[in-house]
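So the structure is just underneath, and the comments pick up after that.
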Amino acid sequence: MEQKNRKIREWFKNHKQAFFLIVILMFLTMITSFYYFSEKKICIIDEEQKFLIKTREDTVSEILKQQNIVLKPKDQVQPSLNTKIKKDMKIVIQRAKPITIIVDGKKERIFTPKTQVEDILKEAKIVLGEKDRVQPKRDAKIEKEEKIQVVRVIEKNIVEEQPIPYLTKEQPTEKLDVGDTKVVQQGKNGVKENHIKVVYENGKEIKRELLHEKIVIEPKNEVIQVGMNDAVDISRGNTRFKKAMMVTATAYCPSDPGVNGVTSVGARLQKGVIAVDPKVIPYHTKIYVPGYGFGQALDTGGAIEGNHIDLAMDSKKEALEYGRKQVKIYLLD
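FYI, in numbering that gives the first Met the number 0 the residues of the sequence shown are 0 to 332.
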């Protein structure tokens, strides 16, 4: 045993330098291995930039500082800045973008790293109603500076009253002459309720939809008797006519100022000539005038307008005696 120990001591004495060299090499190997294995490979994604690096930094914050990556106040980093670095870690930087939000008649500009429209609105503390519309849509992604428009949509159910027009019904009767009418029942409008859904966008009405209607008051129809009697009783018996009408009748004679004895259609002015408004009674229409007799529309005058006729008399005396009357006349077949 003693001899063995002596041999070892002699070996160390003879190989002292080699021993220390081996120890130094082992130490350097350990340091190199530690250095190599303590280095971590990570991926950094900064918007559209992506790069791989090796680092021995401990936290996300330290590695961003090492890489001279500057964060603005609204920029977002995943994982968080104080997260410990791990091997093959991925660091994602979302840069805040300027977004213009148009809502409630105002424009608001914010900076946010969020990309989904709904998330951006939540960050801006904009509450959406159930019917509100958003452009772009709520689930849309925004990758660059853009506008978001919020359209406030309100639906209201209202009730509006609307008149129901009455109808006019005619009842033929032989008790009235052709052209005569008589109202025997006055018409009256009814009332109905329209139940309507009204849609407003940003306070402006854009659509109406009729949901249902309810009749509150039924309309009362107008009833008019219409004359069917087309015969007038004169001294010679019954004469057929096509229309009866009420007119204002006056009289004139050939000796009146401005009258030259010839009518506007070139006929000789004599009893039986009747001046008319040709827009109401056509020229050459045969007419029966109670109290005057038969005549024909062969003349007109500046004062003859509408339902006004002028009866030719043989003398000034007859014209004055006739005067001015309301009379029913008959336009003959």
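Even for Gly, the Cβ is constructed at its ideal location relative to N, Cα and C.
As the crow flies, the alpha-carbon of Val126 is around 15 Å from that of Gly104. Taking all protein chains shown into account, Thr111 has 16 or more neighbouring C-beta atoms within 10 Å of its C-beta and is therefore buried. Within the region 44-68, the runs of beta strand (DSSP E) that reach at least 3 residues and sit entirely inside it are, in chain order, 48-54. DSSP places Lys315 in the helix class (H, G or I) of the three-state scheme. In this structure, Glu217 and Gly189 form a Cβ contact; the two beta carbons are roughly 5 Å apart against a cut-off of 8 Å.
Residue pairing for Tyr251: DSSP places it in a beta bridge opposite Ala311. Sequence-distant Cβ neighbours of Glu221 in its own chain, meaning closer than 8 Å and more than five residues away, are Tyr165, Leu166, Thr167, Lys168, Val182, Gln184, Gln185 and Gly186.
DSSP, reduced to helix, strand and coil, places Ile90 within a strand of the structure shown. Under the DSSP assignment, Asp298 falls outside any alpha helix (DSSP H), being part of the beta strand (DSSP E) whose first and last residues are Gly292 to Asp298. DSSP, reduced to helix, strand and coil, places Asp103 outside both helices and strands of the structure shown, so it counts as coil. Judged by DSSP in its simplified three-state form, Leu166 adopts coil rather than helix or strand. Boundaries of the alpha helix (DSSP H) harbouring Leu120: Val116 to Glu122, taken from the DSSP string.
The beta carbon of Lys285 lies closer than 6 Å to those of Gln295 and Leu331 in the same chain, with the five residues before and after it left out. A Cβ-Cβ separation of about 21 Å leaves Tyr329 out of contact with Val264 under the 8 Å criterion.
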